[in-house]
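Peer 1: Residue numbering for the sequence shown follows the numbering used here, beginning at 199 and increasing consecutively.
By construction, the Cβ of each residue, glycine as well, lies at the ideal position given by its N, Cα and C atoms.
Dropping the structure in here first, questions after.
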Amino acid sequence: MLRETLRKYWGFESFLPLQREAIESVLAGRDSLVVLPTGGGKSLCYQAPAVVMPGTAVVVSPLISLMKDQVDALRECGVAAARSDSSLSPRHQDEVVGQLRRGELKLLYVSPERLLSERFAPVLRRAEVSFIAVDEVHCVSTWGHDFRPEYRRLGALKDLFPDVALHAYTATATREVQDDIMETLRLESPELLVGSFDRPNLIYRARRRENEVEQAISVIKRHPGRSGIIYRIRRKDVDEMAVALQALGFSARPYHAGMDPDERKRNQDDFSRGEVDIIVATVAFGMGIDKPDVRYVLHAGMPKTLEHYQQQSGRAGRDGLEAECWIFYAGEDYETWKFLLSSDDPEVERIQSRKLGDMYGFCCDAACRHRALVEYFDQEYEKNDCGACDFCLGEVHCLEDALETAQKILSCVARLDQRYGASYTANVLTGSGAERIVQNRHDELSTWGLLSEHPLPQVRTWIEQLVAQRCLRRTKKHRVLKLTRRGADVLRGRRRPRLSRPSGDGVTVSRVEEEDWTGVDAELFEHLRALRKELAERRGVPAFAIFGDATLRAICRHRPRTPEEFRWVHGVGVKKCHRYAGPFINAIHAFEKGLE
Ligand code: ADP
Ligand code: ZN
């Protein structure tokens, strides 16, 4: 029955990890808390049981744009869904209430305010509610990263709807947040399902920032015409990057809290609809974006914690297809955040500082990045080679003479009396004849030119790696390098630091990318993408509500010739087959004809 539903409405053959378990607890009427990573398929966990159970499932969601997209996508699949929130006209609201009373809806999306409102709650109580699902449930927790006071009030649900099971979903929840959610919502002996935090389709890479615009362009150029997000720390940096990209002819727009709200909203909408390729944003951007086909997330500035990084980079590749996550970091980012860290509570400050150090370590360290992320979230990582990070792809490798190289760097810092910054030190090490160095007679030091066989940026990177491993630190005021106790241990050969360098300039193609494109003619894909866009515009829905990229690629792979064949493509349900088989089969035919 369930499988049939999956096939009929969504055109899926099987479940993603934990989906089946999550669906079964809904069907069994047992409260649940489900933590699955972005792209893990949380929505299906409540949508599929909503379709098979009698009555209407109520879904609580924090943002109108999210609800709208989900309702559009469900209707495209042929599922009766509606939403009720403050943006609808009274007439429209009445219509929804009518549909609800008549039992015509399988799913009703509501904002938390509305669900708890004095007018609406009684209406719902009289209707047949199959269950209540709370999406983005981490918003109830003050411990989480996106607390919303109106979500906290959802604690009242158990009083208002004592006989209705409650199911909660989120992508990010530490143990503390999970406990807080279960307590706040008063879940009754809930089923707790926590999936792996790993996102195998994301390819992680980190490099030291040199020229952020050039570095960004090198990534953008690998994804022409695709959607990407570029994060920067400050508003000013966002504006500058957006202007620089626009001047070079890229389709990019800024997004930050200091902008005119209308313009900001327009930029977000245009990005969601695929009218604009690139959004350059501060961390303010992202909530309310469930665009599935973001092909890269690029940090041209380091976030302050790995929690933030996981969340922001996680906006890439929700559709399960390959996507790239780059960090272009700099010691400066670390300093910026360190400077902003302040709390009246020394314990809080200590935790923040540790998290910042972990984030910087992640950037600088030469180790598998999938493993580093998963282990950071207290889960085990089983693979030895993720096949999807710069380290495992062999784009960087560990220096065999790391100890010796580190000692050269550290002794240079000592010879400079620990009074100079990273750039100056690197210049001395590479044997620069710059005026300032000669004037200071640092070209006479024994450490001058000790690393002259290496390019300057490389030596700068090693210095950052030593900072990240706490062998060196910077002073707050003048950003001067100082040796730490660990650094002294390295100098004495008692501790081995880890240093790495890129194996070449290029970027290798990962297994993930290869698999996702196997058997897909890129030109045909572009044709079908254009057709999808046209159809989406005509119907006034987002393109992904018609077909996701995974389905589009599957269509390219199988090149169906009849509606029956079309129906068997992954992601094509009954309704969509009926509606779209014709145009897509014709487009494939025309494309093949054109080739002849
Ligand atoms: P989340 O809300 O957890 O980030 P979504 O519900 O948006 O994830 O689903 C992510 C993607 O996975 C969507 O493109 C969806 O169509 C796809 N998906 C969900 N369930 C399945 C399944 N069982 N088989 C194949 N694809 C699926
Ligand atoms: Zn790896």
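So does the region 229-245 actually touch the region 702-720, counting three or more Cβ pairs closer than 8 Å?
Peer 2: no
Peer 1: Can you round the beta-carbon distance between A565 and F526 to whole angstroms, since I take them to be within the 8 Å contact cut?
Peer 2: As a working note, residue 565 is residue 367 in the sequence shown. As a working note, residue 526 is residue 328 in the sequence shown. Rounded, the Cβ-Cβ distance is 18 Å, inconsistent with contact.
Peer 1: What separation, rounded to the nearest whole angstrom, lies between the Cα atoms of V332 and I379?
Peer 2: In the sequence shown, residue 332 corresponds to position 134, counting from 1. In the sequence shown, residue 379 corresponds to position 181, counting from 1. C-alpha separation (whole angstroms): 11 Å.
Peer 1: Looking at R672 and the ligand ADP, is the gap between the Cβ and the nearest heavy atom below 6 Å?
Peer 2: For the purposes of this step, residue 672 is taken as the residue at position 474 of the sequence shown. Flag unset: Cβ of R672 not near the ligand ADP.
Peer 1: Within a Cβ cutoff of 7 Å, which residues of the same chain sit near E533, ignoring the five residues on either side of it in sequence?
Peer 2: Translated into positions along the sequence shown, residue 533 becomes position 335. Here the set comprises R672, R677.
Peer 1: When DSSP labels each residue in this structure, what does E302 get in the three-state scheme?
Peer 2: For this step, residue 302 is matched to residue 104 along the sequence shown. In this structure, E302 counts as coil in the three-state DSSP scheme.
Peer 1: With which residues is H497 paired in a DSSP beta bridge?
Peer 2: Working through the sequence shown from its first residue, we reach residue 497 at position 299. Y429, I525.
Peer 1: Suppose you measure from the CA of A600 to the CA of E651; what does that come to, to the nearest Å?
Peer 2: As a working note, residue 600 is residue 402 in the sequence shown. As a working note, residue 651 is residue 453 in the sequence shown. If I take the Cα positions, the gap works out to 15 Å.
Peer 1: Spatial neighbours of L750 within its chain, please: C-beta separation below 8 Å, excluding the five flanking residues on both sides.
Peer 2: Within the sequence shown, residue 750 is the residue found at index 552, counting from 1. Closer than 8 Å at Cβ, skipping near neighbours: F723, L726, R727, R730.
Peer 1: Below 7 Å between beta carbons: does that hold for D229 and L352?
Peer 2: Position 31 of the sequence shown, counting from 1, holds the residue named residue 229. Position 154 of the sequence shown, counting from 1, holds the residue named residue 352. Not closer than 7 Å, so no.
Peer 1: Pairs of beta-carbons, one from the region 515-523 and one from the region 381-388, closer than 8 Å: are there three or more?
Peer 2: The region 515-523, when compared against the region 381-388, does not touch it at the 8 Å Cβ threshold.
Peer 1: Which term fits E578, buried or exposed, when burial requires 16 or more other beta carbons within 10 angstroms of its beta carbon?
Peer 2: Translated into positions along the sequence shown, residue 578 becomes position 380. Exposed, because fewer than 16 other Cβ atoms sit within 10 Å of the Cβ of E578.
Peer 1: Mind checking which residues open and close the alpha helix (DSSP H) that includes L314?
Peer 2: Counting from one through the sequence shown, the residue named residue 314 turns up at place 116. L314 -> alpha helix (DSSP H) spans 310-314.
Peer 1: Starting from the C-beta of I783, find all residues in its chain whose C-beta is less than 8 Å away, skip the five residues before and the five after it, and write them out in chain order.
Peer 2: Numbered from 1 along the sequence shown, position 585 holds the residue referred to as residue 783. Excluding sequence neighbours, I783 sits near P758, R759, T760, P761, F764.
Peer 1: Does T254 come out as helix, strand or coil in the three-state DSSP assignment?
Peer 2: As a position in the sequence shown, residue 254 is number 56, starting the count at 1. Of the three classes helix, strand and coil, the one that applies to T254 here is strand, per DSSP.
Peer 1: Enumerated in chain order, which unbroken segments of the beta strand (DSSP E) with a length of 3 residues or greater are wholly contained in the region 618-678?
Peer 2: 670-672, all fully within the region 618-678.
Peer 1: Mind checking which residues open and close the beta strand (DSSP E) that includes A404?
Peer 2: Along the sequence shown, read from residue 1 onward, the residue named residue 404 stands at position 206. Taken as a continuous stretch (DSSP letters only), the beta strand (DSSP E) holding A404 covers 400-406.
Peer 1: With DSSP as the reference, label F723 as helix, strand or coil.
Peer 2: Here the question's residue 723 lines up with position 525 in the sequence shown. In this structure, F723 counts as helix in the three-state DSSP scheme.
Peer 1: Under 7 Å between the Cβ atoms of K356 and V772?
Peer 2: By 1-based counting over the sequence shown, the position of residue 356 is 158. By 1-based counting over the sequence shown, the position of residue 772 is 574. Not a contact, by the Cβ cut-off of 7 Å.
Peer 1: Please state whether DSSP places A220 in a helix, a strand or coil.
Peer 2: Stepping through the sequence shown from its first residue, residue 220 is reached at position 22. Three-state DSSP puts A220 in a helix.
Peer 1: Determine the DSSP secondary structure at T706, reduced to helix, strand or coil.
Peer 2: Locating residue 706 in the sequence shown gives position 508, where the first residue counts as 1. Correct three-state label for T706: coil.
Peer 1: Closer than 8 Å is the cut-off here; do at least three beta carbon pairs connect the region 467-483 with the region 737-754?
Peer 2: yes
Peer 1: Would you decide whether K419 is buried or exposed? Buried here means 16 or more other CB atoms lie within 10 Å of its CB.
Peer 2: On the sequence shown, residue 419 is found 221 positions in, with the first residue counted as 1. K419 should be labelled exposed.
Peer 1: If contacts are defined as beta-carbon pairs under 8 Å, then N399 and G515 qualify, I think. What distance do you get, rounded to the angstrom?
Peer 2: Numbered from 1 along the sequence shown, position 201 holds the residue referred to as residue 399. Numbered from 1 along the sequence shown, position 317 holds the residue referred to as residue 515. Sure, about 5 Å apart at Cβ, within 8 Å.
Peer 1: CA-CA distance, L443 and V626?
Peer 2: Along the sequence shown, read from residue 1 onward, the residue named residue 443 stands at position 245. Along the sequence shown, read from residue 1 onward, the residue named residue 626 stands at position 428. L443 and V626 have their alpha carbons spaced roughly 35 Å apart.
Peer 1: Measuring straight from C-alpha to C-alpha, what distance separates K170 and A366?
Peer 2: Residue 170 lies beyond the range of the chain shown here (199 to 794); nothing can be said about it.
Peer 1: Using the rule of at least 16 other Cβ atoms within 10 Å of the residue's Cβ for burial, across every protein chain shown, is D491 buried or exposed?
Peer 2: Within the sequence shown, numbered from 1, the residue matching residue 491 stands at position 293. By the neighbour-count rule (16 or more Cβ atoms within 10 Å), D491 is buried.
Peer 1: I'd like to confirm the pairing. Which residues does DSSP put opposite C587 in its beta bridges?
Peer 2: Taking the sequence shown and counting its residues from 1, the one referred to as residue 587 is at position 389. Per DSSP, Y402.
Peer 1: On a Cα-Cα basis, can you pick out the residue from P252, V611, H497, L597 that is closest to A528?
Peer 2: As a working mapping, residue 528 is identified with position 330 in the sequence shown. Ranking the options by Cα distance to A528, first place goes to H497.
Peer 1: Under 6 Å, CB to any heavy atom of the ligand ZN. Which residues pass, going along the chain?
Peer 2: The set, ordered by position in the chain, is C566, R567, H568, C584, C587, F589, C590.
Peer 1: How many whole angstroms separate the CB atoms of T623 and V611, which I take to be in contact at a CB cut-off of 8 Å?
Peer 2: Counted from its first residue, the sequence shown places residue 623 at position 425. Counted from its first residue, the sequence shown places residue 611 at position 413. Going by Cβ atoms, the distance from T623 to V611 rounds to 6 Å, so yes, they are a contact pair.
Peer 1: Where does H336 sit, in a helix, a strand or coil, going by DSSP?
Peer 2: Position 138 of the sequence shown, counted from the start, is the residue given in the question as residue 336. Helix at H336.
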